[in-house]
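Our numbering puts the sequence shown at residues 285 to 441.
Where is the CB? At the ideal position from N, CA and C, for every residue including glycine.
Keep in mind it's a predicted model, so treat the numbers as computed, not measured.
Heads up: the structure comes next, in structure tokens.
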Amino acid sequence: MYLQKISLVNYKNIISQSFDFHKKINCFVGENGVGKTNVLDAIYYLSFSKSYFNSVAIQNIRHGESFFMIEGDYLLNQRNEKIVCSLKKGQKKVLKRNGKSYEKFSDHIGQLPLVIISPADRDFVTEGSDTRRKFIDGVISQQNKAYLQDLLFYNKV
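Here it is as structure tokens:
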């Protein structure tokens, strides 16, 4: 899998910006508060249909705007894939792959495997086993649909 390009509109502090990526290494350099972490969070959003940093989806809409949109162009198994996630105030979040909406967001989990590590992950060491279990559940769920479905059922009970 290779993320070729990401485009953001009204996502957090980003008005409208596109980024093209190299196949190997990409670096984000800039002053504090310009949106480097928000770009990484948008990449996470395309894999999980949610923010890594903010559990309230509507708060990811840029202040004063009515919607956000994240669009990613991927090369996956020698095929071009387009993933679009958008949210408009007062409406449900929409996640599409190649123009087709998912019935359940959980159907998308594992299609674009991703692991994010942040400074907050020091909790793996300092906190209890629940923190480690949640992280491992997220990794396994990307590779095993049955595990994800069982986990979703377990968490409802």
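Could you check whether residue j and residue i sit closer than 8 Å to each other, using their CB atoms as the reference points?
i: LEU432; j: SER331; result: no
i: ASP350; j: LYS372; result: Here residue 350 turns out to be Ser, not Asp, going by the sequence shown. Taking 8 Å as the Cβ cut-off, SER350 and LYS372 qualify as a contacting pair.
i: PHE419; j: PHE437; result: no
i: MET285; j: TYR336; result: no
i: ILE290; j: SER300; result: no
i: ASN344; j: LYS376; result: no
i: GLY356; j: LEU287; result: yes
i: PHE305; j: VAL323; result: no
Looking only at its own chain, which residues have a Cβ that is under 8 Å from the Cβ of residue i, when we skip the five neighbours before and after it?
i: SER250; result: Nothing can be reported for residue 250: it is not among the residues displayed for the chain, which extend from 285 to 441.
i: SER385; result: VAL378, LEU379
i: GLN362; result: none
Below 6 Å CB to CB, which residues in the same chain sit around residue i once its five sequence neighbours on both sides are set aside?
i: SER370; result: MET353, VAL378
i: GLU315; result: none
i: ARG406; result: none
i: LEU360; result: MET285
i: LEU292; result: ILE298, GLN301, ALA326, ILE354
Measuring alpha carbon to alpha carbon, tell me which residue in the options is nearest residue i.
i: GLU387; options: ASN297, ASP304, SER333; result: SER333
i: ILE342; options: GLY374, LYS320, ASN361, LYS366; result: GLY374
i: GLY422; options: ALA326, ILE309, VAL323, LEU396; result: LEU396
i: TYR328; options: GLY412, ILE367, ILE309; result: ILE367
Distance check for residue j and residue i, CA to CA, integer angstroms please.
i: LYS440; j: ASN364; result: 36 Å
i: ASN294; j: HIS347; result: 8 Å
i: ILE298; j: LYS307; result: 24 Å
i: ASN428; j: ASP391; result: 11 Å
i: VAL340; j: ILE309; result: 31 Å
i: VAL318; j: ASP325; result: 13 Å
i: LYS320; j: ALA404; result: 17 Å
i: ASP414; j: PHE389; result: 24 Å
i: ILE401; j: GLU411; result: 16 Å
Within a Cβ cutoff of 7 Å, which residues of the same chain sit near residue i, ignoring the five residues on either side of it in sequence?
i: ARG416; result: PHE408
i: ASN338; result: ASN344
Tell me the start and end of each unbroken alpha helix (DSSP H) in the stretch 286–324 that is at least 4 residues and wholly inside, in chain order.
none
For the stretch 398–434, which segments carrying the alpha helix (DSSP H) assignment without a break, of at least 4 residues, lie completely within its bounds, in sequence order?
407–410, 413–427
| task | Kindly provide the ranges of any beta strand (DSSP E) runs that are 3 or more residues long and lie completely inside the stretch 332–384, ordered along the chain. | result | 351–360, 363–372, 378–381
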